[in-house]
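Enquirer:
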Amino acid sequence: MTAPTITGSAPPGVSRRAQPLLILGASAIFFPLVYLVSDFVEVAQGDFSTLRHSLTYAGEAGFPLIVAGLCALLHDRLPWWGLIGGIAYAYSFVFFTSTVVWAIVAQTPNWEVLSSDFGWWMTVHGAVIVVGGVAFGLGVARLDSDDLPAWTGYALALGVVLVAEHPAWATSSGRSRPPCRTSRSSPRASPSYAVQGRMSRRSPGDLELLSTSIPTPAICFRYRGTQ
Numbered sequence: 137m138t139a140p141t142i143t144g145s146a147p148p149g150v151s152r153r154a155q156p157l158l159i160l161g162a163s164a165i166f167f168p169l170v171y172l173v174s175d176f177v178e179v180a181q182g183d184f185s186t187l188r189h190s191l192t193y194a195g196e197a198g199f200p201l202i203v204a205g206l207c208a209l210l211h212d213r214l215p216w217w218g219l220i221g222g223i224a225y226a227y228s229f230v231f232f233t234s235t236v237v238w239a240i241v242a243q244t245p246n247w248e249v250l251s252s253d254f255g256w257w258m259t260v261h262g263a264v265i266v267v268g269g270v271a272f273g274l275g276v277a278r279l280d281s282d283d284l285p286a287w288t289g290y291a292l293a294l295g296v297v298l299v300a301e302h303p304a305w306a307t308s309s310g311r312s313r314p315p316c317r318t319s320r321s322s323p324r325a326s327p328s329y330a331v332q333g334r335m336s337r338r339s340p341g342d343l344e345l346l347s348t349s350i351p352t353p354a355i356c357f358r359y360r361g362t363q
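Position 121, counted from 1, in the sequence shown is what the numbering used here calls 257; the numbers after and before it change by one each time, with no gaps.
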């Protein structure tokens, strides 16, 4: 009995096993870019808007899936606390994405009102995103392998801390934002908002994906497959 034949074709020079990683890498670039655009829209408009909420939701909704994909890729190499940190980090974005839905339905005008609506839930999940992100980043740094350099994990952990601790929480109208705002800081409030990414073929069957996520750098990894 012969095995069934899989129809369809992969992109030229890319193995089938590498395609999911290409999707993961492209997603880790695309969704943070959408999120970044939404923050620039908020800065330009001064407060919330339907356009801003739509872009924020589109960007944040992809974050849990991206982190889950990275956890699945690394689950057999990450320390247990790093894996739990990644899961917690992904979960925190599920919560913050839900706050966008609330803001759309309730027509929330700005961050201050939204923060008041959710109260201590914002603080709790702000702590989750920081602790989870730092644990996940340090777990990746501990691997320190050829395909997962330590600097990528340290960049992730540092980015989370910078977003949480940076003092420049000012809106365009001059009002102060609470330091617990880990997921909604404006682009000018934190240097970790830089977004960059690349996908390149170094040799046949060798794919390298490098991306930076918002609010923290994601993961650089290389996949060596066979054609």
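No residue lacks a Cβ here, since even glycine has one placed at the ideal position from N, Cα and C. Here the structure is a predicted model, which is why all the values come from computation and not from measurement.
1. Which residue's Cα is closest to the Cα of Trp256: Ala277, Leu279, Phe231 and Phe272?
2. Under 8 Å Cβ to Cβ from Ser163, same chain only, skipping five residues before and after it: list those, please.
3. Thinking just about the alpha-carbon of each residue, which of Ile265, Leu169 and Asp253 is nearest to the one in Gly295?
4. Cα-Cα, which of Leu160, Leu158, Thr192 and Trp216 is closest to Ile240?
5. Give me the Cβ distance between Gly182 and Gly221, rounded to the nearest whole Å; I'm assuming they're in contact under 8 Å.
6. Reducing DSSP to helix, strand and coil, say where Asp253 ends up.
7. Alpha carbons only, please: which of Val299, Leu298, Val249 and Val276 is nearest the one belonging to Thr288?
8. Taking the continuous alpha helix (DSSP H) assigned at Gln181, which residues delimit it?
9. Take Thr244 as the anchor and find which of His189, Ser174, Pro156 and Arg213 has the nearest alpha-carbon.
10. For the candidate residues Leu279, Val270 and Ala300, whose alpha-carbon lies nearest to that of Ala291?
11. Do Thr235 and Leu250 have their CB atoms nearer than 8 Å?
12. Can you give the Cα-Cα distance for Leu209 and Gly273, rounded to whole angstroms?
13. For Arg188, which three-state DSSP category applies?
14. Please list the terminal residues of the continuous alpha helix (DSSP H) segment that includes Ala242.
15. Reducing DSSP to helix, strand and coil, say where Ala194 ends up.
16. Quick check on this structure: which residue in Arg278, Thr259, Glu248 and Leu158 has the alpha carbon closest to the alpha carbon of Ala300?
17. Do Phe229 and Glu178 have their CB atoms nearer than 8 Å?
18. Give the DSSP-derived three-state secondary structure of His261 in the structure shown.
19. Can you tell me where the alpha helix (DSSP H) with Arg200 in it begins and where it stops?
20. Could you check the C-alpha separation between Arg213 and Val173 for me, to the nearest Å?
21. Quick one: what's got a C-beta closer than 6 Å to Asp253's C-beta in the same chain, skipping five residues either side?
22. Mind checking whether Asn246 and Phe184 have CB atoms under 8 Å apart?
23. Tell me which residues share the same chain as His261 and place their Cβ nearer than 7 Å to its Cβ, disregarding the 5 neighbours each side in the sequence.
Expert: Short version:
1. Phe231
2. Gly198, Leu201, Ile202 and Gly205
3. If we check each option's Cα against that of Gly295, Ile265 comes out closest.
4. Thr192
5. Rounded, the Cβ-Cβ distance is 35 Å, inconsistent with contact.
6. helix
7. Val276
8. For Gln181, the enclosing alpha helix (DSSP H) covers residues Gln155 to Gln181.
9. His189
10. Val270
11. yes
12. 14 Å
13. Here DSSP, grouped into helix, strand and coil, assigns Arg188 to helix.
14. Trp216 to Ala242
15. helix
16. Thr259
17. Result no, Cβ atoms of Phe229 and Glu178 do not sit closer than 8 Å.
18. helix
19. Note that residue 200 is Pro in the sequence shown here, rather than Arg. Segment Phe199 to Leu210, the alpha helix (DSSP H) holding Pro200.
20. 34 Å
21. none
22. yes
23. Ser228, Phe231 and Phe232
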